[in-house]
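The next block holds one structure in the form of structure tokens; read it before the comments.
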Amino acid sequence: KLYLTNETGEVFVVEAGPEFKLLAMNRMGEICMATPAISEGVLYFRTRSHLVAISKDR
5 KLYLTNETGE VFVVEAGPEF KLLAMNRMGE ICMATPAISE GVLYFRTRSH
55 LVAISKDR
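In the working numbering, the protein residues as written are 5 to 62.
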């Protein structure tokens, strides 16, 4: 899976492969200018005023 953000705070989850397939779209609710980061199974998104951590286990 690929996680992509745009400047308006939308996060897109797309399937990694030769064909485009949108799996999900979520709104962060504020400007998002940073690239998502992954560390120890946690996916991080930085918005204008928040750091959001998403994990399957926590």
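Backbone N, C-alpha and C define an ideal beta-carbon position, used for all residues, glycine too.
Item, Value
"Considering residue 14, what are the terminal residues of the beta strand (DSSP E) in which it resides?", "14–18"
"Taking DSSP's pairing of strands, which residues face residue 58 in a bridge?", "47"
"On a CA-only basis, which of 21, 14, 61 and 42 is nearest residue 36? Give me that one, please.", "14"
"So, for residue 20: in the same chain, excluding its five sequence neighbours on each side, which residues have a beta-carbon less than 7 Å away from its beta-carbon?", "5 and 6"
"State buried or exposed for residue 9, treating a residue as buried only when at least 16 other CB atoms are found within 10 Å of its CB.", "buried"
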